[in-house]
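See structure below.
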Amino acid sequence: AGCSGGAAAAGGRGAGGPRPGRWAGVMAGAGVCQSVFPDLGAEDSGPTLIESLCMNCLENGMTRLLLTKIPFFKEIIVSSFACENCGWVNNEIQSAGKIQEQGVQYKLRVSSKEDLNREVVKADCATTKIPELDFEIPPFTQKGALSTLEGLIDRAVAGLEQDQPTRKATDPDVASKIEEFIEKLTKLKDVEMPFTLVVDDPSGNSFVENPHAPQKDEALTITHYKRDAAQDSMLGLQASTEEEKSQNTSDDFRNEVLQFGTNCPGCNAPAETNMKLVQIPHFKEVIIMATNCEACGQRTNEVKSGGATERLGTKITLRITDPSDMSRDLLKSETCAVFIPELEFELGMGILGGKFTTLEGLLNDVKELTVAKNPFFAGDSTVPERSKKLGEFGQKLNEIILGKREAHIILRDSAGNSYLQNLYAPDPDPEMTVEKFERTFEDNEELGLNDMNTEDYQEQKVDK
Numbered sequence: 098a099g100c101s102g103g104a105a106a107a108g109g110r111g112a113g114g115p116r117p118g119r120w121a122g123v124m125a126g127a128g129v130c131q132s133v134f135p136d137l138g139a140e141d142s143g144p145t146l147i148e149s150l151c152m153n154c155l156e157n158g159m160t161r162l163l164l165t166k167i168p169f170f171k172e173i174i175v176s177s178f179a180c181e182n183c184g185w186v187n188n189e190i191q192s193a194g195k196i197q198e199q200g201v202q203y204k205l206r207v208s209s210k211e212d213l214n215r216e217v218v219k220a221d222c223a224t225t226k227i228p229e230l231d232f233e234i235p236p237f238t239q240k241g242a243l244s245t246l247e248g249l250i251d252r253a254v255a256g257l258e259q260d261q262p263t264r265k266a267t268d269p270d271v272a273s274k275i276e277e278f279i280e281k282l283t284k285l286k287d288v289e290m291p292f293t294l295v296v297d298d299p300s301g302n303s304f305v306e307n308p309h310a311p312q313k314d315e316a317l318t319i320t321h322y323k324r325d326a327a328q329d330s331m332l333g334l335q336a337s338t339e340e341e342k343s344q345n346t347s348d349d350f351r352n353e354v355l356q357f358g359t360n361c362p363g364c365n366a367p368a369e370t371n372m373k374l375v376q377i378p379h380f381k382e383v384i385i386m387a388t389n390c391e392a393c394g395q396r397t398n399e400v401k402s403g404g405a406t407e408r409l410g411t412k413i414t415l416r417i418t419d420p421s422d423m424s425r426d427l428l429k430s431e432t433c434a435v436f437i438p439e440l441e442f443e444l445g446m447g448i449l450g451g452k453f454t455t456l457e458g459l460l461n462d463v464k465e466l467t468v469a470k471n472p473f474f475a476g477d478s479t480v481p482e483r484s485k486k487l488g489e490f491g492q493k494l495n496e497i498i499l500g501k502r503e504a505h506i507i508l509r510d511s512a513g514n515s516y517l518q519n520l521y522a523p524d525p526d527p528e529m530t531v532e533k534f535e536r537t538f539e540d541n542e543e544l545g546l547n548d549m550n551t552e553d554y555q556e557q558k559v560d561k
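Just so you know, we're using this note's numbering here: the sequence shown kicks off at 98 and counts up by one.
Next comes the structure, spelled out in structure tokens:
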């Protein structure tokens, strides 16, 4: 009873000020004709000031809005409200970017006080859990926050303490239980015993920092999953109906370049995406999607497998010995993980999405993701040791790309839908090995195959 009450109370009180729908109108009225969400930097124009109602004393206060975008969290709206009459302050963030194609779950095993300093981006639709205390903060009960793990705990404690004086007067038993629970939450910051933090975000817009990047974090598990109908409904999404699906034949689909409207991932302006079914020699059919934004010039491409999940997974190992290896065609599906053993580097499945590029293009994308676009590589949050480590990692990647350092690259795709060009085809490639393997239970779980029924699925089984 104490935990469920705490989850509801942890939401706290909303900030004064207008709703997000009004913010865009305010910015448009101010004559903003450049990108609505500029990059966060030292040369930004500063926040927009709006006089708004304080929800604590019902007097007028001041809301400061900053529309910006940061790596790993797309576009965001940062708001800060302060009332000079009663001293009430409230800060929050809201995601202004698109909802990702897949949800994400971060599971962190906290075993030291250093873990409490990890940066955490928690969207308002994310569920936060601490299983050891049976504690849960349901979605939409707290505003979005950019904080640390310790800050999330402090915020939950503050929410539980908010109505304690009233509870002590009306229901002392419940107040006593919540007080005991608050003490347990506070003791977590001493990390006397390891505990687990779970952030489950169906929108895919939450993030937990990996301080060991670009190396794998053994304490952090990241799982991407497909949303169910209830989660789509919660986010305001609606699945397409049968009447809306394309009626084109397979032959027409292969010969036609399809176009559909979307928003640019860079500036959020309307753009057109082209989609084409392509046959890769000695492999299979894939779907290539490309977006070219006329507003900001950004170009993106994404590849999805056009076939079914293979019966066996595929592991491709290439020994890079010559600069000509960089020109090999490469298809990385969304279910493919990338390893570079010499650099102790692992890129999990789902990261970077599906790509049809060259080996050089993939390594450049890895370098851009881990170094150039890493928010913890530069700025106020930089740690010198971490910055030096990432710089050395980027230098080693450059040496591999230029052919000055030998290395192995491993593509492990549990769905069997990835491909690396064999320069000696149809003969075997002496520097490349392709292995087929049986998927483990965990592999099938990530692909959603354990719960899939392909036989007698029309028969409804009723437990008696």
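C-beta: ideal position from N, C-alpha, C; glycine also.
For residue 272, the enclosing alpha helix (DSSP H) stretches over residues 269-284. Counting along the chain, residue 177 sits inside the beta strand (DSSP E) bounded by residues 172-179. As DSSP reads the structure, residue 433 sits in a beta bridge with 510. The beta carbons of residue 308 and residue 487 sit about 11 Å from each other, so the pair does not count as a contact at 8 Å.
One thing to note: residue 298 has its Cβ within 9 Å of the Cβ of residue 224. For the pair residue 173 and residue 165, the Cα-to-Cα distance works out to about 6 Å.
For the 9 Å CB-CB criterion, residue 243 and residue 190 form a contact.
Collapsing the DSSP output to three states places residue 374 in a strand. Around the beta carbon of residue 480, fewer than 16 other beta carbons sit within 10 angstroms, so the residue counts as exposed. Counted as a single uninterrupted DSSP element, the beta strand (DSSP E) harbouring residue 389 occupies residues 382-389.
In the three-state reduction of the DSSP assignment, residue 549 falls in the coil class. Here residue 507 really is in contact with residue 412; their C-beta atoms are around 7 Å apart, less than 8 Å.
Between residue 157 and residue 185 a beta carbon distance of about 12 Å is seen, past the 8 Å cut, so the two are scored as non-contacting. The C-alpha of residue 537 lies about 21 Å from the C-alpha of residue 203.
With contact defined as three or more Cβ pairs closer than 8 Å, the segment 427-443 and the segment 390-410 are in contact.
Between residue 417 and the set 526, 491 and 468, the nearest pair of CA atoms involves 526. Taking the CA atoms as reference points, residue 522 sits about 49 Å from residue 294. Straight-line spacing of the CA atoms in residue 251 and residue 283 works out to 8 Å.
Look at residue 232 here: in three-state DSSP terms it is strand. When rounded, the separation of the alpha-carbon atoms in residue 532 and residue 375 is 24 Å. Residue 416 sits in a strand when the DSSP states are folded into three classes.
In this structure residue 327 is exposed. Its beta-carbon is surrounded by fewer than 16 other beta-carbon atoms within 10 angstroms. The segment 261-271 and the segment 177-184 do not touch, with fewer than 3 CB-CB distances between them shorter than 8 Å.
Shown here, residue 237 sits in coil according to DSSP, grouped into three states, outside any helix or strand. Residue 358 has 369 as its beta-bridge partners, per DSSP.
According to DSSP, residue 259 shares a beta bridge with no other residue. If you look at residue 488, you'll find it in the alpha helix (DSSP H) that goes 481-498. Contiguous beta strand (DSSP E) elements confined to the segment 174-224 occur at 186-192, 200-207 and 216-219, taking only those with 3 or more residues.
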